[in-house]
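Novice: Here this note's numbering is used: the first residue of the sequence shown is 70, the next is one more, and so on.
For glycine and all other residues, C-beta sits at the position ideal for the given N, C-alpha and C.
This one's a predicted model, so the numbers in the text were calculated from it and none came from an experiment.
Sharing a structure, written as structure tokens. Questions coming.
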Amino acid sequence: MKKSKKIFITLCGIATTAILPVATISCNDDKLAEKNGKEKADAALKQANALAEELKKNPDYSKILETLNKEIAEATKSFKEAGSYGDYPAIISKLSAAVENAKNEQQKVDQANKKIADENQKIKEGAKELLKLSEKIQSFADTIALTITKLEGKKFQIDETFKKQLISTIELLNKKSVEVKTFATVNTIKKDFLLSELESFKEFNTSWLEKIVSEWEEVKKAWSKELAEIKADDDKKLAEENQKIQNGIAELSKLSKENSDLAKTIEETIAKLEKKFQIPKDFKEKLTSTIKLLNKKANEINTFVSTVSKKTEFVLEELESFKELNTLQFNEIKTEWAKVQEAWKDQLKEISTK
70 MKKSKKIFIT LCGIATTAIL PVATISCNDD KLAEKNGKEK ADAALKQANA
120 LAEELKKNPD YSKILETLNK EIAEATKSFK EAGSYGDYPA IISKLSAAVE
170 NAKNEQQKVD QANKKIADEN QKIKEGAKEL LKLSEKIQSF ADTIALTITK
220 LEGKKFQIDE TFKKQLISTI ELLNKKSVEV KTFATVNTIK KDFLLSELES
270 FKEFNTSWLE KIVSEWEEVK KAWSKELAEI KADDDKKLAE ENQKIQNGIA
320 ELSKLSKENS DLAKTIEETI AKLEKKFQIP KDFKEKLTST IKLLNKKANE
370 INTFVSTVSK KTEFVLEELE SFKELNTLQF NEIKTEWAKV QEAWKDQLKE
420 ISTK
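Structure representation (structure tokens):
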């Protein structure tokens, strides 16, 4: 039989003697357990507190935050009151489960908020589409009214009963346009408004309009000959108006150059006269101001011409009004300059002969 050995060891700093058959004992085991326990507890609390800080940023997480803070407080208390580090794993496990639960609840809130945001965006876009539909309905009413006016203007006879039906349709379209616009601007911004309500309203009114448009197409077929004659007249008028616009643009370009040329002429005349004659300071300032005005007008006219050229639709009256105003102003300046030239005729004659 093998004899036992006497082994002198130190258990946690206390010298003692033990008779052991085989022994491998480390006095650092308890210290290591303490260190690991503290580190894991600190890590669990750090993770929980970090999530709590994140939850504070959004009021929608308030209930989740309240629950998590209770769990953090309870865990902190449990760590302090634990009998040994052996109790830590259970506390950490409970706190970790609370953190995961908070994250899951946070995700549910985010998903719910996203769903609401998506629905609100769709409502916003749907409201815009309804406004377009309102404009389309109004435009359609205007088209029918204008067609009646043009037909009667060409002395075409419209059956009185049918005309009343058309007028009734126009009134209905105008009423519907207002109704759709009101729904888009008032109903859609209500707190409890539902996307499904908007989609149902839009679908119904779109179908309603398509039905009336279809019926109007049948009317236009019946009036095809008369409408073709009206279209021919409209096309002719449009071509004539476009030609007038092009002519007006050419005239404005010429007027812009005339403004620039007159500004340059006045400037050069002043420079030539000052070489030999004295021009009163206040009068020279007026002439300088006139030069600036002419150059400014030239730029304004060029900008106007450039804008007109880019527009797909342009009102001839706007061009004619602009041209008339600027032509009148230029002619006034030109007349005043002629008077100045008359007053300076001797001086101008003298410098022109040199």
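Mark L331 as exposed unless 16 or more other C-beta atoms lie within 10 angstroms of its C-beta, in which case mark it buried.
Specialist: buried
Novice: According to the neighbour-count rule (16 or more other Cβ atoms, all chains shown, within 10 Å of its Cβ), is A166 buried or exposed?
Specialist: exposed
Novice: Select from L385, L356 and L342 the residue whose C-alpha is nearest the C-alpha of D415.
Specialist: L342
Novice: Which value, in whole angstroms, describes the spacing of the CA atoms of S421 and P349?
Specialist: 21 Å
Novice: Within a Cβ cutoff of 6 Å, which residues of the same chain sit near E174, ignoring the five residues on either side of it in sequence?
Specialist: Correct list, in chain order: I133.
Novice: Flag this pair as touching only if the stretch 351 to 366 and the stretch 320 to 340 have three or more C-beta atom pairs under 8 Å; answer yes or no.
Specialist: Touching, yes.
Novice: Return the chain-ordered list of same chain residues with a C-beta closer than 7 Å to the C-beta of E320, the five sequence neighbours on each side being excluded.
Specialist: K392
Novice: Three Cβ pairs or more, each shorter than 8 Å: is that satisfied between the stretch 151 to 171 and the stretch 110 to 123?
Specialist: yes
Novice: Which of helix, strand or coil does DSSP assign to I314?
Specialist: helix
Novice: Report the option in L417, I318 and W292 whose CA atom is closest to the CA atom of K344.
Specialist: L417
Novice: CB of A186 to nearest heavy atom of the ligand COA: below 8 Å?
Specialist: This structure simply doesn't include the ligand COA, nor any ligand for that matter.
Novice: Going by other Cβ atoms of all chains shown within 10 Å of its Cβ, with 16 needed for buried, is E411 buried or exposed?
Specialist: exposed
Novice: Can you tell me whether V91 is helix, strand or coil according to DSSP?
Specialist: Caution applies to V91, whose pLDDT of 41 falls short of 50 and renders its modelled position unreliable; the model cannot decide the point.
Novice: When you compare only the Cα positions, how much space is there between T212 and V255?
Specialist: Spanning the two alpha carbons is a distance of roughly 27 Å.
Novice: What is the residue span of the alpha helix (DSSP H) that N395 lies within?
Specialist: L385 to A412
Novice: Kindly indicate which three-state DSSP category Q226 falls into: helix, strand or coil?
Specialist: coil
Novice: For L202, count neighbouring Cβ atoms within 10 angstroms of its own Cβ and tell me buried if that reaches 16, exposed if not.
Specialist: Taking all protein chains shown into account, L202 has 16 or more neighbouring C-beta atoms within 10 Å of its C-beta and is therefore buried.
Novice: For the stretch 297 to 308 against the stretch 231 to 240, do three or more pairs of beta-carbon atoms, one drawn from each stretch, fall closer than 8 Å, so that the two count as touching?
Specialist: no
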